[in-house]
Amino acid sequence: MTIESARSEGDTWDPASSVGATATMVAAFRAMASQGPDALLNDPLADPLVRAVGLERFVRLIDGEITIEDDPLLRREAMNEQIAVRTRFYDDFFTGPFGATDAGIRQAVILASGLDTRAYRLRWPEDMVVYEIDQPQVIEFKTRTLAELGAAPTANRRPIGVDLRDDWPDALRQHGFDVNQPTAWIAEGLLIYLSHDAQDRLFDSITALSTPGSRVATEHFPDPVRTWGEHPEGLSARLNRLGVDLNISELIYPDERRTVIEYLTTHGWQVTARTIKELYAHNGFEYPDDEMTTAVGEMSYVAATLG
Ligand SMILES: C[S@@+](CC[C@H](N)C(=O)[O-])C[C@H]1O[C@@H](n2cnc3c(N)ncnc32)[C@H](O)[C@@H]1O
Numbered sequence: 001m002t003i004e005s006a007r008s009e010g011d012t013w014d015p016a017s018s019v020g021a022t023a024t025m026v027a028a029f030r031a032m033a034s035q036g037p038d039a040l041l042n043d044p045l046a047d048p049l050v051r052a053v054g055l056e057r058f059v060r061l062i063d064g065e066i067t068i069e070d071d072p073l074l075r076r077e078a079m080n081e082q083i084a085v086r087t088r089f090y091d092d093f094f095t096g097p098f099g100a101t102d103a104g105i106r107q108a109v110i111l112a113s114g115l116d117t118r119a120y121r122l123r124w125p126e127d128m129v130v131y132e133i134d135q136p137q138v139i140e141f142k143t144r145t146l147a148e149l150g151a152a153p154t155a156n157r158r159p160i161g162v163d164l165r166d167d168w169p170d171a172l173r174q175h176g177f178d179v180n181q182p183t184a185w186i187a188e189g190l191l192i193y194l195s196h197d198a199q200d201r202l203f204d205s206i207t208a209l210s211t212p213g214s215r216v217a218t219e220h221f222p223d224p225v226r227t228w229g230e231h232p233e234g235l236s237a238r239l240n241r242l243g244v245d246l247n248i249s250e251l252i253y254p255d256e257r258r259t260v261i262e263y264l265t266t267h268g269w270q271v272t273a274r275t276i277k278e279l280y281a282h283n284g285f286e287y288p289d290d291e292m293t294t295a296v297g298e299m300s301y302v303a304a305t306l307g
């Protein structure tokens, strides 16, 4: 299975191609981690979404036809723990104890929502509005597929198909976004697919649209060039072992950039960062010992509040 991956300005995709296929890949991981009596996640819609995309390797993966037990990162248990740490962090950011909804926030924006089903599976307050933004074909695919499955959102879901390099704030306002209300934003697995200036513009827009008390969660890499510039081939090789011919090095922008923590702390946000190792320990998992995890090990998940 070869997935087209060369990037260009203004490129577009669906969930089966280019950056869109990475959304299907992480949904496949969530589907796997949602299987069995000891499931670490509960994302029942991930499985039918991945099947509907129809990329053969991901379907075989969730069917348990591809298993690699001699690799510390690709072992089934390790894959499930990795995606559980990530998913639980963002779930808790929204609806966990002391999360955004506990703090009274009633407006959420999921940037680069991909095949994320939080608008259908989290226990949102009754008056919650959840905006989802992704490429038009990704948004259209998910909305249509979930409607065909008879799935009902658990919040007032407002999907918006727009490129995050374009004027998405305008599209958001046109869909009813209230700039006078605090907002909870997440950008999960997005930033490496944006160039450094697109990343800065994204955070400029988030900051401009946020009233005090708004929150944002995303990932922080202290040295993105070292992490992504030196290791994408390693990551692609790992994925190839799973039968996924996705050339990550062509999809990402491993350029010099202002780090997330640097940006947020200099723009009025109070930042809390938890390293991935801390989050593994918090979940009761052992952090895998591997050269890839050593490289990515400096990564943190951050949550910030606008003062
Ligand atoms: C790794 S996936 C993550 C999806 C989702 N956040 C999750 O964790 O399941 C990356 C997502 O970023 C979206 N994306 C990347 N660049 C984008 C852009 N310029 N405009 C809109 N969406 C973009 C892709 O379509 C894809 O859904």
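First residue of the sequence shown: 1, per UniProt numbering; consecutive thereafter.
Don't be surprised by glycine CBs; every beta carbon is placed ideally from N, CA and C.
On a predicted model such as this, the values are computed, not experimentally measured, just so you know.
Residue i, enclosing alpha helix (DSSP H) - first and last residue
{"i": "Q107", "result": "First-last for Q107: Q107 to L111, but that is the beta strand (DSSP E), not the alpha helix (DSSP H)."}
{"i": "L49", "result": "A46 to V53"}
{"i": "W168", "result": "W168 to Q174"}
{"i": "T266", "result": "No alpha helix (DSSP H) holds T266; DSSP gives it neither H nor E."}
{"i": "I62", "result": "E56 to I62"}
{"i": "A119", "result": "R118 to R121"}
CB-CB length for residue i against residue j, believed under 8 angstroms
{"i": "P224", "j": "R257", "result": "6 angstroms"}
{"i": "L191", "j": "T218", "result": "7 angstroms"}
{"i": "A303", "j": "R215", "result": "6 angstroms"}
{"i": "A198", "j": "R165", "result": "5 angstroms"}
{"i": "T95", "j": "L41", "result": "In fact, because the Cβ distance is near 14 angstroms, the residues do not count as touching under 8 angstroms."}
Proximity of residue i and residue j at Cβ, strictly below 8 angstroms
{"i": "A151", "j": "Y131", "result": "no"}
{"i": "Q135", "j": "G54", "result": "no"}
{"i": "R30", "j": "D14", "result": "no"}
{"i": "T293", "j": "Y287", "result": "yes"}
{"i": "I261", "j": "T183", "result": "no"}
{"i": "A84", "j": "V50", "result": "no"}
{"i": "V138", "j": "G114", "result": "yes"}
{"i": "A52", "j": "S34", "result": "no"}
{"i": "D163", "j": "L122", "result": "no"}
{"i": "residue 323", "j": "D178", "result": "Nothing can be reported for residue 323: it is not among the residues displayed for the chain, which extend from 1 to 307."}
{"i": "S205", "j": "P169", "result": "yes"}
{"i": "L172", "j": "V109", "result": "yes"}
{"i": "R7", "j": "L209", "result": "no"}
Contacting residues, own chain, Cβ-Cβ under 6 angstroms from residue i (five flanking each side not counted)
{"i": "E69", "result": "R75"}
{"i": "R158", "result": "Y131 and H175"}
{"i": "V203", "result": "Strictly speaking, residue 203 in this sequence is Phe, with Val absent from that position. Once the five neighbours on either side are set aside, the close Cβ partners of F203 are Y263."}
{"i": "W124", "result": "T154 and A155"}
{"i": "P48", "result": "L149"}
{"i": "F221", "result": "T227 and M299"}
{"i": "E81", "result": "F285"}
Bounding residues of the beta strand (DSSP E) (the contiguous stretch that carries residue i)
{"i": "I192", "result": "I192 -> no beta strand (DSSP E), and no H or E assigned at all."}
{"i": "P254", "result": "Per DSSP, P254 belongs to no beta strand (DSSP E) and is neither H nor E."}
{"i": "D134", "result": "V129 to D134"}
{"i": "R158", "result": "N156 to G161"}
{"i": "Y287", "result": "Neither: Y287 is in no beta strand (DSSP E) and is coded neither H nor E."}
{"i": "Q82", "result": "Looking at the DSSP string, Q82 is not in any beta strand (DSSP E); the run it does join, the alpha helix (DSSP H), is R76 to T95."}
{"i": "T24", "result": "Note, T24: premise wrong, no beta strand (DSSP E); alpha helix (DSSP H) at S18 to A33."}
{"i": "E306", "result": "Glu is not the amino acid found at residue 306; the sequence shown has Leu there. Run containing L306: S300 to L306, per the beta strand (DSSP E) assignment."}
{"i": "R215", "result": "R215 to H220"}
Any non-hydrogen atom of ligand 3 closer than 7 angstroms to residue i Cβ
{"i": "E278", "result": "This structure lacks ligand 3; its bound ligands are ligand 1."}
Contacting residues, own chain, Cβ-Cβ under 7 angstroms from residue i (five flanking each side not counted)
{"i": "P72", "result": "A78, P288, D289 and D290"}
{"i": "E140", "result": "G161"}
{"i": "L279", "result": "V85, F89 and Y301"}
{"i": "A281", "result": "none"}
{"i": "T145", "result": "L49 and A52"}
{"i": "D127", "result": "R106"}
{"i": "residue 315", "result": "The question about residue 315 has no answer, for the chain in this structure spans 1 to 307."}
{"i": "T265", "result": "V271"}
Beta-carbon contacts of residue i that lie in its chain and below 8 angstroms, excluding the five residues immediately before and after
{"i": "G268", "result": "T207, L306 and G307"}
{"i": "L242", "result": "R57, L61, I66, I68 and L74"}
{"i": "F93", "result": "G99, A100, A184, I186, R215, A217 and A303"}
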